Amino acid sequence: MRWFQNLSVRLKILAVAVLGIVLFLAYFLYSYYIAATNIDHLSRIENHDFPVLELVNANNLEFVGIADAYSTAIAQIDERPLDEARVRSDQFLERLGDIDRLDPALTDDVDRIRMSFIDYLNEANGLAQALIEDPMTLVNSYAWLDRVELLERQLKQVQDEFQAKRYEAFRDTLLRSREDNRSTQMIGLALGVMAFTLLGWIALRVTRSITRPLEDAVGAADSIANGNWDTAIQSESRDETGHLIRAIRKMRDTIKHRIEDEKRQEQIKTRLSQLGDLMRGDMAIDKLGSNLLGYVIPTLNAQIGAFYTFDVERERLYMRAAYAMQRRKHLANDFALGESLVGQCGLEGKPIILEEVPEDYILVSSGTGNAVPRNLMVIPIFHEEELKGVLEIGSFRRFGEDDLTFLEQGVELIGVALHSAQSRLRLGEMLTRTQEQAKELSLQKEEMARANQDLERQASELAASESRLQQQQEELKAINEELESQTQALRASEESLQAQQEELRVTNEELEAQARMLSEQKGEMSRKNTELETLHEELEDKVKELELSSKYKSEFLSTMSHELRTPLNSILILSNALGQNKKGNLDEKQVEHAQVIHSAGSDLLSLINDILDISKIEEGKMDVVIDEITPQDVSDYFQRHFTHVAENKGVGFNVVIEEGVPLHFYTDKQRLEQIVKNLLSNALKFTDEGSVTLTIARPAEDERIPGRVLERDSTLCFAVTDTGVGIAEDKQKLIFEAFQQADGTTSRKYGGTGLGLTISRELARLLGGEIGLRSDGLGQGATFTLYLPEGEALGAEAALEESMDVGANAEAHTAPTAPLAVEPSAEEYVVREKTVLVVEDDREFANVLVDLAADYGLESHICVDGESGLEYASRYRPSAIILDIGLPGIDGWEVMERLKADPRTQDIPVHFLSGKDERKKALDLGAIDFLTKPVSQEQMLSAFGTIEQAIEKNVRRLLVVEDSEAQHASIRELFDQKGVEITAVTSGEEALSALGERVYDCMILDLTLPDMTGFELLERLHEGDENEALPVVIYTGKDLTREEEAKLRKYADRIILKTERSHERLLNEASLFLHWLESTLPSHRRGNPELIEHRDDIFEGKRLLLVDDDMRNIYALSAQLEELGFDIEIANNGREAIEALEASPQTDIVLMDIMMPEMDGYQAMGHIRQQPRFATLPILALTAKAMKDDRSKCLEAGANDYCSKPIDMSKLTSLMRVWLHR
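Just so you know, we're using UniProt numbering here: the sequence shown kicks off at 1 and counts up by one.
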């Protein structure tokens, strides 16, 4: 069975299954054969035996009646019973014919009965006729009567025999059927026992072939875990278990080798440390060499060695120490470079290793004998690439890799120690020479003193003899002059010697001072090294403490973000729901209270976001994206955003761009807008009368730029000047601190958190700039100035490095402003009658679009990403949108889906631009047109013409193709008061004629028409290009097959089946293509979206699993989701979510919180995705953590998308609609 063991586990299990199937098929085929046989038997009984027996029994009864009729006729001499006997006789013979036809094999028996019956009938009939015709024949009729009775008995006997044969055949058939059933049971039992035995045996073999290797693997793994690296791991199997055991064996060997390598490295480090300790301290070179050899030779298990130092002046290597070396006459103790292996090693600067050394090369001697070291290694010693010496080692054994590594690393330490010893030796020699020179100078001084004394004595002798030599005055005078000159020369020589002595003394003192200084410097260096090591350790401890503190701070902020956002989520959702008053059961005061709660919750969310912003800046996690910006763009942006705010407050607002400002500058546009928006918001907040001015300029010549060193010529100033309350001088530094305000009293007039200026200053520094403040005091107003470097454009690589990783659901926010704290009402959203929003990340192309729009009298606004575009569209509801697809962050497709999911923006006409031709997808999403880049000016002018027509077009045309007049009336009533012109036709030809005469915005089509089907009409519509972009909504009561539905999807945009709720769905779908503006609705229906779209059919009846551990969130979300039509099931943690899915695998979508007890959302999503049946189940992650990389973590764990708390129900609804559609 070796071949069976080598099969894979899959094949083994498959073999058991196949064998079971074969045995089952064998039993099934035999049972089928027996069943067929039984069916044949039963069919014979039913169609042959049983009918024959019925006919035989009927004939027996019939014959009794015939005999009674003849007996009555003979006894009563009455002709009437004869008629009955004839009728019965005919029936008797007819039944015999039926028996003959049922079974031709019974023809002989039937003929016997027939002949006997005819004989009886003739005799009985003849006797009865004779008696009736002549009653007197009765006297002679006894013999005839006997003959009739004899024939009657013979006929009964024949019939009884025939009946007995039929019953016996019937019993035989039943017995055969019973035997077949019995044999089937026995064979089935035998097959079952055999199959059970065989399958059990094979299953046991398969189980043992799997479990035994696994048990061996577990045992081996436990043994390895306990440190037993020599555990035997054997496996002869070639299946997966064999592969597992071999993998464990390979893992053991790898770990064993790694541990052995670590032990070897640790041993080498220990040896190096011990070697360093031996060479530490002031010691002579000979002592250093002896210590070195005394440690290295035994450590390497070597037997002999020598240590050479290099003399730089003589360029020779001298032996300074030896270990167990026997000195011989023919062996030198010094070598020139290149001479012998020692000199060659010093010359090349590389280790030399000899193996198999000749026997007469060198000997290792002991008291008992000599031996030859077979391996020799010569290693150079360097210090800072300067040769210091050579180390020679001999050993009986080969040098191992660890020995080489130890020596390669050790010679560096030896080089340092040898260099230090040589330096100390040279210093000592210099000191000795200096001392000897001092002694020589002292001797010379003593000799000069003796010579001076001799000269003085000679001078005194001459003075004493002057009186005696007066006569020789002239001679003595000459001699005296000569002596005086000699004396002067001696004095000069003495002065010269004294000067030399002084110089030598000074030199000696300087040398002694230098020696003391060197000694002091050495001690100072040693002390400083110790202090540096201590400081380094303290610094490392501080760094660890800072890292730990930063970690705790991040965890704290993350946790607090979750704990704050979780209850805030419920507040915002429920207050928003109450503020919408969909059921209309709240009065105006209650709605106002709910709106105040929602506004306060939004302010709290803004505060949380500000705190997280500060944390990100402090941790260096706030990235910047460098954009090219024009001062005019900045001016336009803030004029649009703050002009109406200033007007509402009654103060003036101006933006001034001074001369000398560059046309372009480079910085992070979002951060710049956030900083200036904070400054302008504060200025408007603290200014009750007067004006606020934003000035963009270069810094003045006498203007001091605070903080950073910025080049004046390349710096821009954004100065926000107000005429408000001003700032006291002692408060001007305080206000930039977090949570600090100029007026921090409990009775202060102006509220706020005190975070805005802190965030602005940190963001300015992040951009390489600074914020300055100038105020003359209270009541004098203030000027906040943002100083930024002009910057320069980044290259592609730098731009990529600077780019910010923004997820599809990341939320960029700006600082809150007091004037914008209250959200404007629906009537305030529309700013201009003709406004076009351009969502395009290419700034130059966007500016071109703005210029072209101006030619059509359209005011334009530019957003460079999808998030800001959605925010602008939701707040100001432009007349039309030009949308690019390839945007940073969320792309154009998701922007379009969110626009159509928001009741405030779903009716805005959208014109797509893209580098790819995806026209059909854009039109399917509800776009009015699509252009593929690059586009010409003519194409863009045509596009703006289309947009202008869409803006000016107040009446929408709807074509209804329906053969039912009742449906016409129903649809007209449905679209009543919508500003829709409805054309109703009843046939396909009328529809084609209507489409040829005018343009329609949408068509509602029934599939059942009198002259053609809806399929044929759609095919004819798409034969040309005129009606290719016409949105078609199929509205039918016909049950569609898969083929029909697939065919319709090629032409139609929506398919709606007629049900009791289908009218609401029809209204919603048609409104998507008709682009209704909410402002065109009657006033009594405006602001009540539930009258138009309260529930979406896509949510109706869908099963939703809500996983959250916070009951407040569960209550808030479930209340909103139930209104959408969901059937909701609740789970409080990841484990309960998995159990809920196991119990209800038909769940349509899951909302998964992340931070939960027992099992968090990441783990739960991982477990869910491991099951193939839940591979496509939509899972939306909900988390209160607003930290970076949250979205990528959720997607990696298995989520389809991500939504941060507090939950925006419109965003969540849009996401659910997208994923349920998919």
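For every residue, glycine included, the Cβ atom is placed at its ideal position computed from N, Cα and C.
Predicted model only: the values in this text are computed from it and were never measured.
Beta-carbon proximity check, residue i vs residue j, cutoff 8 Å
| i | j | result |
| --- | --- | --- |
| ALA69 | GLU84 | yes |
| TYR295 | GLY389 | no |
| LEU1005 | GLY1014 | yes |
| residue 1223 | LEU1182 | This structure cannot settle anything about residue 1223, because the visible part of the chain is limited to 1 through 1222. |
| ILE611 | PRO631 | no |
| ALA306 | VAL364 | no |
| ALA922 | VAL960 | no |
| ALA646 | LEU684 | yes |
| THR1147 | LEU1177 | yes |
| LEU19 | VAL52 | no |
Closest residue to residue i among the options (Cα-Cα distance)
| i | options | result |
| --- | --- | --- |
| ASN609 | PRO1206, LEU1151, PHE170 and GLU1044 | PRO1206 |
| SER183 | ASP286, ILE34, GLU123 and ARG88 | ILE34 |
| ASP776 | THR721, THR758, ALA417 and LEU23 | THR721 |
| ILE285 | GLN267, ASN301, PRO298 and ASP311 | ASP311 |
| ARG249 | GLY219, GLN265, ASP261 and LYS263 | GLY219 |
| LEU925 | PRO909, THR932 and GLN939 | PRO909 |
| ASP963 | LEU672, LEU1007 and GLY866 | LEU1007 |
| ALA1052 | VAL506, LEU1017 and ILE882 | LEU1017 |
| PRO699 | VAL87, GLY660 and ILE13 | GLY660 |
| VAL378 | ALA371, LEU347, SER366 and PRO358 | LEU347 |
| VAL1158 | ARG1169, ASN1133 and GLN91 | Strictly speaking, residue 1158 in this sequence is Glu, with Val absent from that position. That would be ASN1133, whose Cα lies nearest to the Cα of GLU1158. |
| PRO373 | LEU974, ARG397 and GLU392 | ARG397 |
| PHE196 | CYS1194, PHE170 and ILE21 | ILE21 |
Buried versus exposed, by CB contacts within 10 Å (16 or more), residue i
| i | result |
| --- | --- |
| ASP668 | buried |
| ALA927 | buried |
| TRP893 | buried |
| GLN488 | exposed |
| residue 1255 | A query on residue 1255 cannot be resolved here, the shown segment of the chain reaching from 1 to 1222 and no further. |
| ALA190 | exposed |
| ASN59 | buried |
| THR905 | buried |
Rounded C-alpha distance that separates residue i from residue j
| i | j | result |
| --- | --- | --- |
| LEU1104 | LEU586 | 29 Å |
| GLN159 | ILE39 | 30 Å |
| VAL725 | LEU680 | 14 Å |
| ASP1011 | GLU840 | 49 Å |
| LEU1117 | ASN576 | 12 Å |
| ARG704 | LEU710 | 10 Å |
| ASP688 | LYS677 | 18 Å |
| LEU11 | ILE255 | 33 Å |
| TYR876 | ASP842 | 22 Å |
| GLY779 | THR785 | 19 Å |
| ILE353 | LEU407 | 12 Å |
| ASP743 | LEU672 | Because ASP743 carries a pLDDT of 48, less than 50, the predicted location of this residue cannot be relied on, and no value is offered for it. |
| GLU790 | LYS834 | 35 Å |
| PRO706 | CYS863 | 33 Å |
| GLU628 | GLU844 | 10 Å |
| ARG774 | ILE675 | 17 Å |
| LEU425 | ASN529 | 23 Å |
| CYS1203 | LEU849 | 33 Å |
| SER366 | GLY400 | 25 Å |
Distance cut-off 7 Å: residue i Cβ against heavy atoms of the ligand COA
| i | result |
| --- | --- |
| TYR308 | Questions concerning the ligand COA fall outside what the structure shown contains, since it holds no ligand whatsoever. |
Task: the segment 636 to 644 contacting the segment 600 to 607, beta-carbon criterion three pairs below 8 Å - done: no
- [ ] Kindly confirm or deny that the segment 380 to 389 and the segment 408 to 420 touch, where touching means at least three C-beta pairs closer than 8 Å.
- [x] yes
Task: Touch test, the segment 1188 to 1205 against the segment 1146 to 1164, Cβ-Cβ under 8 Å, three pairs minimum - done: yes
Task: Meets three-Cβ-pair contact criterion under 8 Å: the segment 641 to 655 and the segment 690 to 701 - done: yes
- [ ] Indicate whether the contact test is met: 3 or more Cβ pairs, each with one atom in the segment 106 to 116 and one in the segment 151 to 168, closer than 8 Å.
- [x] yes
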